[in-house]
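Protein chains in written order, with the numbering used here: chain A, 76 to 334; chain B, 76 to 334; chain C, 19 to 440; chain D, 123 to 578; chain E, 42 to 367. For every residue, glycine included, the Cβ atom is placed at its ideal position computed from N, Cα and C.
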Amino acid sequence: MHAPAPTASPKMSARHVNVFYGRKQAIDDVSIDVDMENVTAFIGPSGCGKSTFLRTLNRMNDTIATARVDGEIRLDGEDIYASDMDVVQLRARVGMVFQKPNPFPKSIYENVAYGPRIHGLAASKADLDRIVEQSLTRAGLWGEVKDRLNDSGTALSGGQQQRLCIARAIAVDPEVILMDEPCSALDPIATAKIEELIHELRGKYAIVIVTHNMQQAARVSQRTAFFHLGTLVEYGVTSEIFTNPRQERTKDYITGRYG
Amino acid sequence: MHAPAPTASPKMSARHVNVFYGRKQAIDDVSIDVDMENVTAFIGPSGCGKSTFLRTLNRMNDTIATARVDGEIRLDGEDIYASDMDVVQLRARVGMVFQKPNPFPKSIYENVAYGPRIHGLAASKADLDRIVEQSLTRAGLWGEVKDRLNDSGTALSGGQQQRLCIARAIAVDPEVILMDEPCSALDPIATAKIEELIHELRGKYAIVIVTHNMQQAARVSQRTAFFHLGTLVEYGVTSEIFTNPRQERTKDYITGRYG
Amino acid sequence: MNSAAIPDRAPTDWRAQAMQRRIRRRYAAERRFRWLGLAAVSLSGAFLAFLLWTMLASGLGGFSRTEVRLPLDFPAMALDVRPEQLGRAGADLALAGAGLQNAVGAAAVQAFGDDGERVISDSAWVTVREAIKADPSLLSRRATITVPAAPGIHEAATGEARPDDEAAAARLAAAGALTSGFNWTFLTGADSTDPTAAGIWGALKGSLLTMLVTLGLAFPIGVLSAIYLEEYAPRNRWTDLIEVSINNLAAVPSIIFGLLGLAVFLGTFNMPRSAPVVGGLTLALMIMPVIVIAGRNAVKAVPPSIRDAALGVGASRVQVVFHHVLPLALPGILTGTIIGMARALGETAPLLMIGMRAFIATPPDKLTDAASVLPVQIFLWSDQVSRGFVEKTSAAIIVLLVFLLAMNALAIYLRNRFETRW
Amino acid sequence: MSGSALLFLVLGLALIGWLTARARAVRLSGTARLHSLPGQHGWYVAMWVAIPAFVFLALWGWLSPQLAREGVLASPQAAGLPTFAFERSAILAEARAIARNPDLGAFNPQAELLAPVYRTYLTRYSWIGTAIALLLAFAGGAYAFSRIAPPFRARGHVERGVMLILLVASLIAILTTLGIFGSLLFESARFFSIVPIGDFLFGTHWSPQVVSATDPGADLGAVPLFWGTFFIGAVIAMAVAIPFGLMSAIYLTQYAAPAVRRWVKPMLEILAGVPTVVYGYFAALTVGPAIRQFAVAIGMPYASSESALAAGLVMGVMIIPFVSSMADDALAAVPSAMRDGSLAMGATKSETISRVLMPAALPGVVAGILLAVSRAIGETMIVVMAASGAATISLNPFDSATTVTKQIVDLLTGEAEFDSPKTLAAFALGLTLFVITFLLNIVALRVVKKYREAYE
Amino acid sequence: DEGGVARDEIRIVGSSTVYPFTTTVAEAFRNKRPDRKAPVIEATGTGAGIKQFCAGIGPLHPDILNASRRLKKSEYDACAANGVSEIIEVQVGLDGVAFAESNRGPRLRLGRTDIYRALAAFPGGRPNTARLWSDVNPGLPRVPIQMLGPPATSGTRDALAELILAPACEALLPQAAEWKEVDPDRFARTCTRVRDDAAYVDSGENDNLIVQKLDANPSAVGIFGFSYLEENADRLHGVPVDGVEPTYETISTGRYPGARPLYIYVKKRHLRPVPGLADFLADYAAAWGPDGPLVRKGMIAAPRAVRAASAAIVARGTTLDPAALQ
Ligand SMILES: Nc1ncnc2c1ncn2[C@@H]1O[C@H](COP(=O)(O)OP(=O)(O)OP(=O)(O)O)[C@@H](O)[C@H]1O
Ligand SMILES: Nc1ncnc2c1ncn2[C@@H]1O[C@H](COP(=O)(O)OP(=O)(O)OP(=O)(O)O)[C@@H](O)[C@H]1O
Ligand SMILES: [Mg+2]
Ligand SMILES: [Mg+2]
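Right, here's the structure in full:
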């Protein structure tokens, strides 16, 4: 490997990152840059460390007692593992959407208002209403739920729940959005909706998406990183990776030899 | 649809099978034939009913209180849902391998010997030893474990565990082997081993394999059935299905439009 | 979707003063919350420590006893016993009939003055009697025998006591007549009206017999019903009813089981009062649901994939259960059983209802003998007139706690040792 | 032959049946493929030997004493028996005891007279019983043995037998519930035939010292007891147990290092393992007087040393681990995706706990608290030893209060006159307590079930 | 199975006041005969004891009843109806209902009428409002009335009603004596009912706890059997009633108003079949003298004549004549 695709000033940059679960190494010396207004896809067989690496980007790995990260990860040039880094703010700036939609068991409104409330982003109730409406609109959900904002978020369909989670994430006005297989629990129609949404959002955020569906990676991303057994095998422009991979392993994977 | 591919006397044949979970229909009027010395692959998006249908073939669905099967399934012409059918014997004749390797928490030897023991297949200890050795050999595991037959089956690696499960299944001398995504929890190398094993076993059994990996289906099977939303969309010779699907939905799925 | 519909928003300034202040407040709240949690845990622990310490502090004295070296001049007593009587079964009656008790009292008066009889325990003469039985030749000579001191003297020797006892103890100590030692009687004796002679063995044996019945009944029935409910029961009205009854029985106040035992076992079946068999039956009914629930959870925790695996090679349901599920669930079932047994061992209220609240000075030999149990013994001693029982009560509590803690520790050990994650 | 000897004999026969059947099946397996394993044939025969014989013995154990009794009553020696039924049955019972064990002395001379007659009849019926039981065992065994053949599905039959045994075991729970309900109801019915149920349930004066003959309900109004029970168990105890239990659970599950949790959690469980009689002793001797002194110090000279507060506090401490383990379960049942979701938004741990986890776990926590309440109001020894018997309705925790369980113990072990409404009132109180805890549990279990389903 | 159980130990039920004495005799009984089972003694209370005692003859039923009051005619009749008719009544000694306070207490001196006014629920027919001792009698100190006593179901409470409250009530209210015959309900309500508020704290059967609570609460007065007072003489002292202090001497001579006789009742028909029962009775008779072990346990020996009569009853096995009961 594999100089990361060069960018002037990347939004996030990781250098020589290793992650361990206890004694087991899950990520081995990964360096990668993530840019604004770009969708970066992580692909690779199951267990190769995609999720693990994704979670290092907003320090969600802190919640796993055995996990240990070393190397350097910078957001706008600032080291996010520095001791004076405020995790709470970091996570507000780097939002996350999970594999299984996980709306809180509260109303739709409360789900979206949760982040702004805890961070004190809304000055007034009207302000909060506006944020909620904006976020839901951006997540393409406003039309479907505007008449039932007080229904429980868990009562929505799977695809709607996932969009609700996206709305929840963008309500705190993040700069980066991390998505871990956001469509793997959804049916084809809902998947299509989310993919469309990713397209739209791309203009405002840096988006990182983990997927096991190569067609999806090809459809939504501009850059693709292929992981295997904890290492980053190849990272480059999506169209190139899919049509003309430089590594044998990448090719085998893309053509379905394994995984 | 979709006359099942015609065969003189199929090993198993299903006709107009419907499966319900409570009020919800999971399988809708599926008819299919399975032949000896053939590998049949079931593919389709998640939740389309592949596993459900597979489990009707050895009545594992009986263990789910809400599940109800109607239609007709015959094994060598015998109706397996007939009231005088002995399920225990049926399951000995139609073995099963599951998605997650599930060895018993006993020694490797005991794992394999369990089936022969409960069915009284071995007349003596020597006989049993022979069966165990044969089964492990056929499952391609003998070489790796022959020196530690008394170790726990759960101490093996994932791929070894899965092969142990296959050995366990063939130890009772079944006629049909059902496999439900046997490789989805395995790494590429283990997957390759299992695929190879399926190739070898094919000569003696009728094998049905569920997979979400189309390349795998293409590699290991002679016939492929594509399920969607509980119906059998298309069933035919594997090479044809992949190169020249007759149905639009099949084509969309194979090319990665959804799933 | 239409991007024109997406309004713009001003980005949040995370470095703003107000934001920073807010963050600091949130972290302060976080620390407070965490501190509250720690305080709750520590206070609970402190309470436990205080409880144990109180019991230890007031109960340790119960394991020791103060003794008086009593000089006895047997020939002068002129006891009317013939040596050949002493070898036979009637020795006790003979010695008692010969007025040994009064003679010992008189010897104490002679040795320690007018209140001499008050410094030795009421059962001191029994010690002398045992000594004579062990060595009949004593009767023909003088001897000094160490007998238990009266409770007041013991109190004076180990802590605060009435002034007259303090004085008497000081006098004895000055005369070198006071010794002390481990109170074996406490571990080997049965209930007594005299604190220096009272022991817990009778009650402990009653507890053991009771637990035997409880375990013999509750364990098999509990395990079998757990298996039935988890592995076989169809979902219908009947099994719902069984399930509801079991869950409710687990939470029915224990005293209600006492009322049940009183009405059914004593009232209807005319079983003997105060008997370990009745106590055991009552407690068995009480802890059976505990075992059923623990058993069900243990059975439920066996992953379905194991059952699938066994069914898949053609095992029948009984084979699945007895070859796979039960062996894997056993540690969990045992844990639940031990916890249930610990609960039964510490239970008092229902046993009061069926007559185990009795003065029983002989340890029981059979399941139908009258018996008390350890916690009831504690309850009875807490109500004793004689003040010497205060420390005996605490000492008995220590013994009970040792048993219970051991059982709980065993359960926790089993749980940690066999807690498997599949 | 004595009952237990017979039992062992039948078991022995079953073993023989097992061995022979198995041997036969093994022999048959040489000629044709058996449907079931030889051992399963063995079990089939053993069951047929043992179960009919056991069922018969159980029936016979109930029937034969009555037959013997009839026989004795018909004999000429029985002519002199008193006509009074109670005395008569006492004499008969004694005669039987002597018949079985001639070394016993007799309370009644007549019993001694009847004993030989009784012995004759007992022996006779004992032999008849033995004969029938053996006959049944042999007949069952022979029938089962005759069915052994290669295609015979012994396994299915054995499994059905095992299933039946399991079913019977699980019915014990229902029998116990019925037994409790029946015994309480029977005595309570007698109570309510003396004291109107309305007076009992709604009367506000409880003072069983003198129960008036003309208006027995006037002094047996249980409201003060219900109040005391509620005040001690559901208010004071919960005021201790809920905050401590909840915060402990939260600390241990969300904050504490695994090593700390591994040590501290069992320590908390020890609090639940301490027998209630110890808590009672502690509450009465240490906590009660301390609270009284405190109350006097803050200007309440009338404070009682058996205050509601003393019993309630100690009870609360006892319940802490109960609440904490229920809360622990409820928190664990909230999918970790909720927690991750909230943390990923930038919420702090405490915000996540109080705004997401607790609301989600609330139904489970509430159910746990309801169960804890039912536990507290059924707790007996603490209140027997530390609470007073004075039935007053007061909101002051330093006042004394009494509870239902304490009154049950007092009424049944006190010096009441026999068959008086006082004694029977204990059963009526027991019934009320049973019904209340039963309802609490049903509600709690419903809540738990509903909310578990929500996450499944 | 009914009644089929052999019994080789003596079973005793009844009063918790007599309990310590009977257990003492039981222990002596066993010390002499270690091969014998010790008697099994339950402190059920007199009333509940009578219920069990009178349930019948035979191994399931107790042999001896401890009673801190005499059997009533109605109870005897109920016994007889169950076949329990030949009963031996033995008075074993005396006890006093003692009033006691902590040595640090205010040194009260009470009259029976003071106690009645302070303790009755409706003294003179009106609800009791007295809070301080000075409210019932200006001569008494201004100290809150706080009495710790036995529960309503206890025999000590019966004795309190009969020996203290009823006489005071009759002395204060002339009509009261008449009510006793014609309107017993009214008599009970006005004369013997004890107040339910905080002034009287019902402290359960556990007399020993009362002692310890008195120690912690010097202004309170405890009510319990004399033996408890004697055992704790270093911490407590008796409150004089009508000028008479509860002491061994005043109670045994009957000068102290709260003195009451203690009984045991024995089923004559059990004497033969229950091994050792007769010996036990003999041991009892040997223990109740003024210098016997029971007195050391706090019992008050009955007057010589009563002891002699009781010993004669034990020796001859004379049964109770129901006509002597009320
Ligand atoms: N909490 C954990 N503790 C220990 N090991 C872990 C933990 N989480 C993940 N792992 C291990 O780390 C490796 C990488 O896991 P990760 O979840 O990042 O893979 P992934 O690429 O996201 O796979 P998938 O496609 O299945 O989601 C795996 O071997 C996994 O078993
Ligand atoms: N035990 C069950 N009870 C109720 N519904 C069920 C049950 N098992 C499966 N289903 C439903 O039946 C449908 C078919 O499920 P099935 O597991 O057969 O799908 P599948 O094709 O095997 O999917 P996957 O590829 O995810 O394994 C799904 O909608 C599923 O939700
Ligand atoms: Mg992942
Ligand atoms: Mg599936």
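Cβ of Ala292 of chain A less than 8 Å from any chain B Cβ?
Chain B contact via Cβ: absent.
Report the neighbours of Arg375 of chain C on chain D: residues whose CB is nearer than 8 Å to its CB, in chain order.
Near Arg375 of chain C (Cβ distances below 8 Å), the residues of chain D are Thr535.
For Glu537 of chain D, count the other beta carbons within 10 Å of its own beta carbon; 16 or more makes it buried, fewer makes it exposed. Which is it?
For Glu537 of chain D, the pLDDT reaches just 47, beneath the cut-off of 50, and the residue's location in the model is therefore unreliable, although a value from the coordinates is still provided. The residue is buried, with at least 16 neighbouring Cβ atoms inside 10 Å.
Examine ligand 1 and report whether any of its heavy atoms sits within less than 7 Å of the Cβ of Ala292 of chain A.
The answer is no for Ala292 of chain A.
Who are Trp328 of chain D's beta bridge partners in DSSP?
Note: Trp328 of chain D sits in a beta bridge opposite D:Leu342.
Which of the three DSSP states is assigned to Tyr325 of chain E in this structure?
Helix, per DSSP.
Three or more C-beta pairs closer than 8 Å, one from the region 467 to 481 of chain D and one from the region 167 to 186 of chain A: is that the case here?
Segments in contact, yes.
Measuring straight from C-alpha to C-alpha, what distance separates Ser263 of chain C and Val506 of chain D?
If you take the alpha carbons of Ser263 of chain C and Val506 of chain D, they lie about 28 Å apart.
Hey, would you say the C-beta of Ser126 of chain B is under 7 Å away from at least one heavy atom of ligand 4?
Yes, ligand 4 has a heavy atom inside 7 Å of this Cβ.
The alpha helix (DSSP H) spanning Phe62 of chain E covers which residue range?
Here the alpha helix (DSSP H) through Phe62 of chain E covers 60 to 73.
Who pairs with Val131 of chain E in a beta bridge, going by DSSP?
DSSP lists E:Ile305 as partners of Val131 of chain E.
Classify Thr326 of chain D as buried or exposed, calling it buried when 16 or more other Cβ atoms lie within 10 Å of its own Cβ.
Result: exposed.
Taking CB distances under 8 Å as the criterion, tell me whether Asp103 of chain B reaches chain A.
It does not: the Cβ of Asp103 of chain B has no partner Cβ on chain A nearer than 8 Å.
Quick check: the region 359 to 371 of chain C against the region 296 to 303 of chain C, are there 3 or more CB pairs under 8 Å?
Result yes; three or more Cβ-Cβ pairs closer than 8 Å.
Does DSSP put Asn434 of chain C in a helix, in a strand, or in coil?
Residue state, collapsed to three classes: helix.
Here's the rule: buried if 16 or more other CB atoms are within 10 angstroms of the residue's CB, otherwise exposed. What is Ile245 of chain C?
The residue in question, Ile245 of chain C, is buried, as its Cβ has 16 or more Cβ neighbours within 10 Å.
Output needed for Arg277 of chain D: all residues of its chain with C-beta closer than 8 Å, excluding positions within five of it in sequence on either side, in chain order.
Result list for Arg277 of chain D: His157, Ser158, Leu159, Gln162, in chain order.
Output needed for Gly224 of chain C: all residues of its chain with C-beta closer than 7 Å, excluding positions within five of it in sequence on either side, in chain order.
Excluding positions up to five away in sequence, the list reads Pro294, Pro382, Ala389, Ser390, Val391.
If the criterion is Cβ atoms closer than 8 Å, does the pair Gly350 of chain C and Ala316 of chain C meet it?
Yes, they are a contact pair.
What residues are listed by DSSP as bridge partners for Leu393 of chain D?
BP columns for Leu393 of chain D are empty, so no partner.
Only counting the same chain, and skipping five residues up and downstream in sequence, which positions put a Cβ closer than 6 Å to that of Phe540 of chain D?
Residue placement at Phe540 of chain D is flagged as unreliable, the pLDDT there being 47, under the threshold of 50; the coordinate-derived value follows with that caveat. So the list is empty, once near-sequence residues are dropped.
Check whether the Cβ atoms of Pro363 of chain E and Lys114 of chain E sit closer than 8 Å, and answer yes or no.
Result yes, Cβ atoms of Pro363 of chain E and Lys114 of chain E sit closer than 8 Å.
What does Asp238 of chain E reach in chain D if we use C-beta pairs closer than 7 Å?
Those within 7 Å of Asp238 of chain E in chain D are Thr514.
Tell me the rounded alpha-carbon separation between Pro237 of chain E and Leu160 of chain E.
Residue identity check: residue 237 of chain E is Asp in the sequence provided, not Pro. The alpha-carbon atoms of Asp237 of chain E and Leu160 of chain E are separated by roughly 9 Å.
What residues from the region 66 to 78 of chain E come within 7 Å of chain C, judged by C-beta to C-beta, listed N to C?
Hits within the stretch, in order: Ala67, Glu68, Arg71, Asn72, Lys73, Arg74, Pro75, Asp76, Lys78.
Alpha carbon to alpha carbon, how far is Ser139 of chain C from His172 of chain C? Give it in angstroms, no decimals.
Between His172 of chain C and Ser139 of chain C, the C-alpha separation is close to 10 Å.
For Leu239 of chain A, count the other beta carbons within 10 Å of its own beta carbon; 16 or more makes it buried, fewer makes it exposed. Which is it?
Under this definition Leu239 of chain A is a buried residue.
Exposed or buried, what is Pro179 of chain E when buried is set at 16 or more other beta-carbons lying within 10 Å of its beta-carbon?
Counting Cβ neighbours within 10 Å, Pro179 of chain E comes out exposed, since fewer than 16 surround it.
Under 9 Å between beta-carbons, which chain B residues line up against Arg275 of chain D? List them in chain order, please.
Going along chain B in sequence order, the residues near Arg275 of chain D (Cβ under 9 Å) are Asp161.
At what residue ranges does the region 113 to 165 of chain E contain a whole run of the beta strand (DSSP E), taking only runs of 3 or more?
List check, beta strand (DSSP E) in window: 128 to 143.
Taking the CB atoms as reference points, tell me whether Gly369 of chain E and Gly196 of chain E lie closer together than 8 Å.
Residue numbering for chain E in the displayed model covers 42 to 367; residue 369 of chain E lies beyond these limits and cannot be assessed.
Give a yes or no on whether 8 Å exceeds the smallest Cβ distance from Gly301 of chain D to chain C.
So yes, Gly301 of chain D belongs to the interface.
Shortest alpha-carbon distance to Ser248 of chain D belongs to which of D:Val439, D:Ser186, D:Arg218?
Among D:Val439, D:Ser186, D:Arg218, the Cα nearest to that of Ser248 of chain D belongs to D:Ser186.
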